[in-house]
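K.L.:
I have a structure I would like to understand better, so I am pasting it below and will then ask my questions one at a time.
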Amino acid sequence: MTVLLLALLLVPLALPFAAPPLARRALDRLAPARALWILTGCALALAGSCAAALGALVLTGLLKLPLFAALGELIHPLRTPSDLLVLPAAALATGALALSAGTLGRSALRQFGAFRTARTQAGRRPAAGDLCVVESPHPDAYALPGRPHRIVVTTAMLRSLGAAEREALFAHERAHNRAGHHYFLGVAELAAHCHPALRAVRADIRFAAERAADEDAARAVGDRGLTARAIARAALAGSATPSVRPDFAPAATTGPVPRRVTALLAPGRPRASRGIAVALAVGALLSTGAATTALVGVHHQVEVAQGEEHG
Amino acid sequence: MTDAMDERRPAGELEAAVLAALWAAGAPLTPGQVQGELASGLARTTVTTILTRLYEKGIVDRARQGRGYAYFPVQDAAGLTARRMHTELDRDTDRETVLARFVAQLDPGDEEVLRRLLEADER
Chain P
1 MTVLLLALLL VPLALPFAAP PLARRALDRL APARALWILT GCALALAGSC AAALGALVLT
61 GLLKLPLFAA LGELIHPLRT PSDLLVLPAA ALATGALALS AGTLGRSALR QFGAFRTART
121 QAGRRPAAGD LCVVESPHPD AYALPGRPHR IVVTTAMLRS LGAAEREALF AHERAHNRAG
181 HHYFLGVAEL AAHCHPALRA VRADIRFAAE RAADEDAARA VGDRGLTARA IARAALAGSA
241 TPSVRPDFAP AATTGPVPRR VTALLAPGRP RASRGIAVAL AVGALLSTGA ATTALVGVHH
301 QVEVAQGEEH G
Chain R
1001 MTDAMDERRP AGELEAAVLA ALWAAGAPLT PGQVQGELAS GLARTTVTTI LTRLYEKGIV
1061 DRARQGRGYA YFPVQDAAGL TARRMHTELD RDTDRETVLA RFVAQLDPGD EEVLRRLLEA
1121 DER
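Residue numbers (our numbering), protein chains in the order written: chain P, 1 to 311; chain R, 1001 to 1123.
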């Protein structure tokens, strides 16, 4: 491994830091459905490259140890820059990879548990079409993927909306199910556990999915103002009941709900810009390119150490 | 939305709309009243057909009222279980990742912004 190779491995670890500001701009400049695709694809590429780069560092570190060098049938020592550089890097990478895998596993278990609970709940009663009503004093509604798709709505939510607003809500949830948004959200969750900078991108992907469903709902009911009112009323009804979750967020920020409502009420869409999509694609390509090149390089070095090739 | 467009909607969506209207009302409704509680211009005969189908599935119950029936959603033991499970879901703050929620928790300050937006839109 040369210093160049080591530097190449650092590229996929550094690039995700550039993603959040670009992702934020993509939300403003692109149609929601397109932003959702681009951001999710980009997050997947960045997360994959990041995991590959960490894996390569871990492997290099392991092969420096006599035991693993023997297991890997190395007849020459693996050529790397100074051990003082490589070993701490490998140790850090091992820690990072273990942490990612740990939090990802825990989140996956929890998500799957929540999903199963929701499915059992929805499957307990015959549904009217795809609607499953839950008796609860808390206004809540969500799309439940699986076969068949369901939309789960609490009685409190149904009571806080007018007839037309309920139709907008149903159209929104059906749009989630039809477009398979849960896959996008799953990728966002995966990416958030691979690199800390991708956590911000997860929030942007969630927002893009909501916006895409809002636009679909507005098209289905043929009224943007109505859809905006439904969202606002549902959110206000939810906040009237005391929140169980502590509010750590600073007061001055604008959360996702007002941004969605504003976007629906805005008369025209901002000028679409292709530049931001290109920038994100270039970042994703750069990251996967660097990771692939570095992996090929590491592989070559290992083969040299195994005496199969000459460096 | 026009009548013609609504009559063409999938039966499942119509059933969902009718059940939602019954739950929202919180009191037994006659087919004519249900028709009034729907945003769509469904024919009364269509509403009656849907209500009968929901009744046959055991999702709604009915009581004699005058010459016809008044319908109301079935609340049963299963509803209680569902309620308990729902509280379990509520506790899971990470839920919104796989289950796309209609509205997220509001940040402080959001409430004020939303009220202003609603007022501006209604004016």
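Where is the CB? At the ideal position from N, CA and C, for every residue including glycine.
My guess is that P:Glu165 and P:Ala230 are in contact by the Cβ rule of under 8 Å, so how many angstroms apart are they, rounded?
P.N.:
Yes, P:Glu165 and P:Ala230 are in contact; Cβ-Cβ is about 4 Å, under 8 Å.
K.L.:
Here's a check: name, in chain order, each residue in its chain whose Cβ is nearer than 6 Å to the Cβ of P:Ala249, leaving out the five neighbours to either side.
P.N.:
Bear in mind that the predicted position of P:Ala249 carries a pLDDT of just 30, short of 50, making it too unreliable to give a figure here.
K.L.:
Compute the distance between the beta-carbons of P:Ala47 and P:Ile38, then report whether it is under 8 Å.
P.N.:
Not closer than 8 Å, so no.
K.L.:
Comparing C-alpha positions only, which one of P:Pro139, P:His138, P:Gln121 sits nearest to P:Cys132?
P.N.:
Of the listed residues, the one whose Cα sits closest to P:Cys132 is P:Gln121.
K.L.:
Of the residues that make up the segment 1036 to 1051 of chain R, which ones have a beta carbon closer than 8 Å to any beta carbon in chain P?
P.N.:
For the segment 1036 to 1051 of chain R, which is checked against every Cβ of chain P, the residues closer than 8 Å are Glu1037, Leu1038, Ala1039, Ser1040.
K.L.:
Use the C-beta contact count for P:Phe17: other C-beta atoms within 10 angstroms, 16 or more gives buried, fewer gives exposed.
P.N.:
Exposed.
K.L.:
My guess is that P:Leu161 and P:Arg211 are in contact by the Cβ rule of under 8 Å, so how many angstroms apart are they, rounded?
P.N.:
In fact, because the Cβ distance is near 20 Å, the residues do not count as touching under 8 Å.
K.L.:
Taking Cβ positions only, does R:Gly1026 come closer than 8 Å to chain P?
P.N.:
True, the Cβ-Cβ gap to chain P drops below 8 Å.
K.L.:
Verify the CB distance criterion: does R:Glu1119 have a CB-CB separation below 8 Å to chain P?
P.N.:
By this cut-off, R:Glu1119 is not an interface position.
K.L.:
Helix, strand or coil for R:Ala1070, going by three-state DSSP, please let me know.
P.N.:
Strand.
K.L.:
Could you check which residue in P:Cys194, P:Leu63, P:Val152 has the C-alpha nearest to that of P:Cys50?
P.N.:
For P:Cys50, the nearest C-alpha among the options comes from P:Cys194.
K.L.:
Measuring CA to CA, which of P:Ala143, P:Lys64, P:Gly72, P:Gly275 is closest to P:Ser82?
P.N.:
Nearest C-alpha to P:Ser82: P:Lys64.
K.L.:
Rounded to whole angstroms, what is the Cα-Cα separation between P:Leu72 and P:Arg199?
P.N.:
It is Gly, not Leu, that sits at residue 72 of chain P in the sequence shown. Cα to Cα, P:Gly72 sits roughly 36 Å from P:Arg199.
K.L.:
If the cut is a Cβ gap below 7 Å, which residues of chain R does P:Pro196 touch?
P.N.:
The premise fails here: P:Pro196 is roughly 17 Å from chain R at the closest Cβ pair, so nothing lies under 7 Å.
K.L.:
Kindly give me the distance between the Cβ atoms of R:Val1018 and R:Val1034, rounded to whole angstroms, as I take these residues to be in contact under 8 Å.
P.N.:
Indeed, because the Cβ distance is near 6 Å, the residues count as touching under 8 Å.
K.L.:
Can you give the beta carbon distance from P:Val257 to R:Leu1114, rounded, assuming they're within the 8 Å contact cut?
P.N.:
That pair is a contact at about 7 Å.
K.L.:
For P:Thr241, name the three-state secondary structure that DSSP assigns.
P.N.:
Reliability of the predicted coordinates at P:Thr241 is poor, the pLDDT of 49 falling under 50, and no value is obtained from them.
K.L.:
Are the C-beta atoms of R:Gln1075 and some chain P residue less than 8 Å apart?
P.N.:
Taking Cβ atoms only, chain P reaches closer than 8 Å to R:Gln1075, which makes this a yes.
K.L.:
To the nearest angstrom, how far is the alpha carbon of P:Phe184 from that of P:Thr227?
P.N.:
Distance between the alpha carbons of P:Phe184 and P:Thr227 is about 23 Å.
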